[in-house]
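In the UniProt record's numbering, the protein residues as written are 1 to 704.
What follows is the structure, encoded as structure tokens:
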């Protein structure tokens, strides 16, 4: 048990996210200007989702232009300290000393985007259909400037790591003749590169940008409404309330809150910063080591990226890349592996946190109790739109765009009507006028929140689209496929290990959508075409492998952010994160040898493979994180045995071997329970709440 610090006596922990209020800013401020400009932007998106008369490519051009302009405005707002003062004072701050260079570059970017988008929209037919393979000098100049604008805005959003990816992609396209071995190609001319990136209305305006415009944008608007109407606060409140039922409840708040919120965030690193600002200080205040607190938050944020129905927005991209599958198929295929990951992470967190956490009264975590009636009302408020989404996609099977439209609209309806009814019936202390004013403001602010989340996602996917189109023109996907075959010697396991390493490297420093897109286009086809794996197995393999970059040193951006908040040692936190998330490194190989586990249909084989993978993953966690009460040598042997048997149960292609390992795991559990050193069954009961809120850490080793 950790020593109690002075901080642990604090009882003023606030539960909730910072929410914007009308009085937080001047009426004529940059913040309100961003809200005002977001209205026509979302109006166009909603109109297109309803009408769909524009060509998808033309709509993508308009969409990208609008996103880039709003991103520039939001960046200027941040440079003005949040943009809450009078707009004149905000602009003076944004363009003041220390900011002038970047403010000037942002202004130039906004003007160039306006000119470029206007030109392409006006001449769309000629550029997209009639003018393929040729362009005028002024169009090449326009393309050069616009390319540098995209590069600059990408750098502002994601830093040097991804900037290097763009430059390497462009340079490889031009100077591929100097590349080694099979990666060598004749090289593309600068003119062709510019036509590919901009002039042909492909590249930056290609299928990924159009996918964001048609599918992802409305879901991120829905996420913006969720945050603005208070859904994230409710999630945090539920997470904190779980602390009263299980010994590791304080730590489980990070698992629940970060995973759920991270599933719609789209970036494990950004999510670690957002939810970690609450969960990490809370865990530290209650006795947890900084390294453990940071690791738990990083792993929880990463696990959120695989949770259906959004899967960090990767689900939409996967549905568009795999031929013959629907978005609903992707969600169903992702259920079992997500369940395995979440359950095992929860168990691991219980094992590592209980010995460290101090005794805590859960009631001090939440200062304002929520009555049961209000809680049920909140569930209806946020649950009804989600139910509509599931109904439309799973039963009616409408298009993703239509489902997203109705979900966002229903969120506005429940977010405004329910508070109004509460005020009219006297349930709320607000008057009807106050409730209406607050609801209107929350709706407007939700649109702003949607833009803030949408803009970086759009920018990075537009940049990736350009790089991918250049690489496709060079034939590099085929070259990677042949190289992987040569290096692996045609052995599936070797190829899978090499593919995982490549996925981790390509995913460094990127959000989920970006990392998955790159590996899905470059690596997944190799696994499908050369090793005859089902497409779901190949895509889920590279998807899970790519998000490992956030936890894998020496980069481990997600761990780095969590460490910054926790004040922890980076390498120690990385080790803790890998121990807690160990099944995440093994699950991709389960998809390779048992592809039925990621199937759109729940057949007998799917359930058997899923059950074996779950037991195996729990055994892996048990072997790494459990505190055995035997002697040092026996404890080490038991841990290694559980770990190895768990891997075999998860991955081995033979059912006989899997069931043999499964039987051995059960026998070891029974033996450990009988000896009582210590009792794993009691720990599992504690984890699921059967301990009655006991704060005795039952994973402490025996002192006999």
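Ideal Cβ positions, reconstructed from N, Cα and C, are used throughout, including at glycine.
query                                                                                                                   : result
Residue 293, enclosing alpha helix (DSSP H) - first and last residue                                                    : 290-304
Cβ shell of residue 588 (< 7 Å), same chain only, five flanking positions each side left out                            : 500, 541, 544, 545
Spatial neighbours of residue 434 in its chain, beta-carbon cut-off 8 Å, leaving aside the 5 residues before and after  : 423
C-alpha gap between residue 745 and residue 52, whole angstroms                                                         : A query on residue 745 cannot be resolved here, the shown segment of the chain reaching from 1 to 704 and no further.
Proximity test, Cβ basis, 8 Å: residue 594 and chain B                                                                  : Protein chain content of the structure displayed is limited to a single chain, and chain B is not contained in it.
Distance between beta carbons of residue 34 and residue 91, contact taken as under 8 Å                                  : About 13 Å; that fails the 8 Å criterion.
Secondary structure, alpha helix (DSSP H): runs of 4+ residues fully inside the stretch 491-567                         : 492-506, 512-522, 524-531, 535-547, 557-566
Between the CA atoms of residue 252 and residue 536 - distance to the nearest angstrom                                  : 31 Å
Distance CB(residue 647)-CB(residue 603) smaller than 8 Å                                                               : no
Between the CA atoms of residue 180 and residue 202 - distance to the nearest angstrom                                  : 28 Å
Cβ-heavy atom distance, residue 206 to the ligand GTP, below 7 Å                                                        : Absent from the structure shown: the ligand GTP. Ligands present: none.
Distance between beta carbons of residue 559 and residue 573, contact taken as under 8 Å                                : 5 Å
Three-state secondary structure (DSSP) of residue 116                                                                   : helix
Residue 205 and residue 64 closer than 8 Å at C-beta                                                                    : yes
Simplified DSSP state of residue 2, which is helix, strand or coil                                                      : Because the pLDDT at residue 2 is just 39, under 50, the model does not fix this residue reliably, and the value given afterwards should be weighed accordingly. Residue 2 falls in the coil class under three-state DSSP.
First and last residue of the uninterrupted alpha helix (DSSP H) at residue 202                                         : Careful: residue 202 lies outside any alpha helix (DSSP H) and carries neither H nor E.
Environment of residue 692 [buried if 16+ CB atoms lie within 10 Å]                                                     : Only weak support is given to the placement of residue 692: the predicted model assigns it a pLDDT of 42, under 50, and the value that follows is read from those uncertain coordinates. Its Cβ having fewer than 16 others within 10 Å, residue 692 is exposed.
Option nearest residue 389 by Cα separation, candidates 585, 133, 223                                                   : 223
Supposed contact pair residue 329 and residue 600 - C-beta distance, whole angstroms, cut 8 Å                           : 4 Å
Check whether residue 400 and residue 316 have beta carbons under 8 Å apart                                             : yes
Close-in-space but distant-in-sequence residues of the same chain around residue 312 (CB under 6 Å, 5 per side omitted) : 266, 305, 512
Residue from 113, 140, 347, 555 whose Cα sits closest to the Cα of residue 247                                          : 347
Spatial distance of residue 481 from residue 57 (CA atoms)                                                              : 30 Å
Nearest-angstrom beta carbon gap, residue 582 and residue 608 [assumed within contact, 8 Å]                             : About 22 Å separates the two Cβ atoms, so there is no contact after all.
Residues near residue 717 in its chain [Cβ-Cβ closer than 7 Å; skip 5 each side]                                        : The structure shown has nothing for residue 717, since the chain only spans 1 to 704.
Run of the alpha helix (DSSP H) containing residue 627, from where it starts to where it stops                          : From DSSP, residue 627 is part of no alpha helix (DSSP H); its letter is neither H nor E.
Beta-carbon spacing of residue 70, residue 463 below 8 Å                                                                : no
Residue 476 versus residue 207: straight-line alpha-carbon distance, rounded                                            : 19 Å
Three or more C-beta pairs below 8 Å linking the stretch 222-238 and the stretch 443-453                                : yes
Entirely enclosed alpha helix (DSSP H) segments - the stretch 115-198, minimum 4 residues                               : 137-174, 190-194
Residue 628 vs residue 610 beta-carbon contact at 8 Å                                                                   : no
Beta-carbon gap between residue 140 and residue 109 smaller than 8 Å                                                    : no
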